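What follows is a set of notes on a single structure, which appears directly below.
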């Protein structure tokens with residue numbers, strides 16, 4: 064078990080471009096979460112999957128954001144028409160149970176220029 | 093909604109003890125997590141309290157009072173490597189027990 068993997072670690076993109084991030088959770092974890100974190104803030108919830116079903120999506124997410132977990136394993140987070148305000152660390156986490164602690168990936172740091 | 097309050101910054105001396113407080117107001121509280129996050133890295137799980145009382149895990153202990161909406165993280169025998177942000181996070185009852193994070197307390201350990 065190699066933990067939660069995220070790819071890429073860093074992404075610099077021009078405003079208006081689309082970006083996609085990938086998360087590979089711990090294999091036996093059926094719960095997967097995406098959070099966003101800006102400097103000096105705690106992680107903010109974006110969306111939650113249980114297996115392949117997206118059960119909750121934050122109102123923080125505009126329609127430019129979409130996430131998928133097609134086979135209940137890895138997940139992707141896509142941001143369309145990026146804006147400078149999208150610059151942040153995007154964290155993926157997984158857990159086996161509702162009360163278990165999350166295991167976070169190392170995150171993808173997005174910089175929109 | 094949920095409201096989680098914790099100090100933004102603290103400084104403590106190597107070898108000392110520090111207590112990081114967290115208060116919360118939520119609708120439907122289930123439990124409280126503490127995470128450690130070093131600069132530029134992902135948060136790592138420290139503790140999870142559901143019942144009132146103190147839970148000790150090595151140099152770290154976490155306390156919860158559900159009736160007061162209050163928790164603290166106690167770090168003993170501070171080491172320089174303990175310099176990090178400490179995130180208080182609340183899980184809500186019902187559904188999948190959504191976790192909401194506070195802004196974190198940045199702890200600086202000085203020699």
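Residue numbers (my numbering), protein chains in the order written: chain A, 64 to 176; chain B, 93 to 203.
We put the beta carbon where it would ideally sit given N, CA and C, even for glycine.
Please read these numbers as outputs of a predicted model, since none were measured by experiment.
- Pairing residue 145 of chain A with residue 69 of chain A gives a Cβ-Cβ distance that is not under 9 Å.
- By DSSP's assignment, residue 103 of chain B forms a beta bridge with B:200.
- The C-alpha of residue 139 of chain B is placed about 8 Å away from the C-alpha of residue 147 of chain B.
- Taking a Cβ-Cβ cut-off of 7 Å, residue 176 of chain B has no neighbours in chain A, whose nearest Cβ is about 13 Å from it.
- For residue 136 of chain B, the closest Cβ of chain A is nearer than 9 Å.
- Taking each of B:192, B:185 and B:105 in turn and checking the Cα distance to residue 114 of chain B, the smallest one comes out for B:192.
- Any Cβ of chain B closer than 9 Å to the Cβ of residue 103 of chain A would place that residue at the interface, and such an atom is present.
- Annotation: residue 173 of chain B has no Cβ neighbours in chain A at a cutoff of 8 Å; minimum Cβ distance is about 18 Å.
- In the three-state scheme derived from DSSP, where H, G and I count as helix and E and B as strand, residue 87 of chain A is classed as strand.
- Taking a cut-off of 8 Å for Cβ pairs, the segment 157 to 174 of chain A and the segment 149 to 167 of chain B do not touch, as fewer than three such pairs fall below it.
- Chain A has a Cβ within less than 9 Å of the Cβ of residue 191 of chain B.
- Taken through DSSP and simplified to helix, strand or coil, residue 186 of chain B comes out as coil.
- The residues 85, 86, 87 and 88, in chain order, have a CB closer than 8 Å to that of residue 137 of chain A in the same chain once the five nearest residues on each side in sequence are set aside.
- Secondary structure of residue 70 of chain A (DSSP, three-state): strand.
- Contact annotation for residue 154 of chain A against chain B: 134 and 135 [CB-CB distance below 8 Å, chain order].
- The Cβ atoms of residue 108 of chain A and residue 95 of chain A lie no closer than 9 Å to each other.
- Setting aside the 5 residues that flank it on each side, residue 131 of chain A is surrounded in the same chain by 139, each with a C-beta closer than 6 Å to its C-beta; the list follows chain order.
- Scanning B:119, B:141, B:128 and B:188 for the CA closest to the CA of residue 197 of chain B turns up B:128.
- For residue 122 of chain A, the closest Cβ of chain B is not nearer than 9 Å.
- Note: residue 99 of chain A is bridge-paired with A:107 and A:153 in the DSSP secondary-structure output.
- Setting aside the 5 residues that flank it on each side, residue 75 of chain A is surrounded in the same chain by 174 and 176, each with a C-beta closer than 7 Å to its C-beta; the list follows chain order.
- In its chain, beyond the 5 residues on either side, 158 have a beta carbon closer than 8 Å to the beta carbon of residue 164 of chain A.
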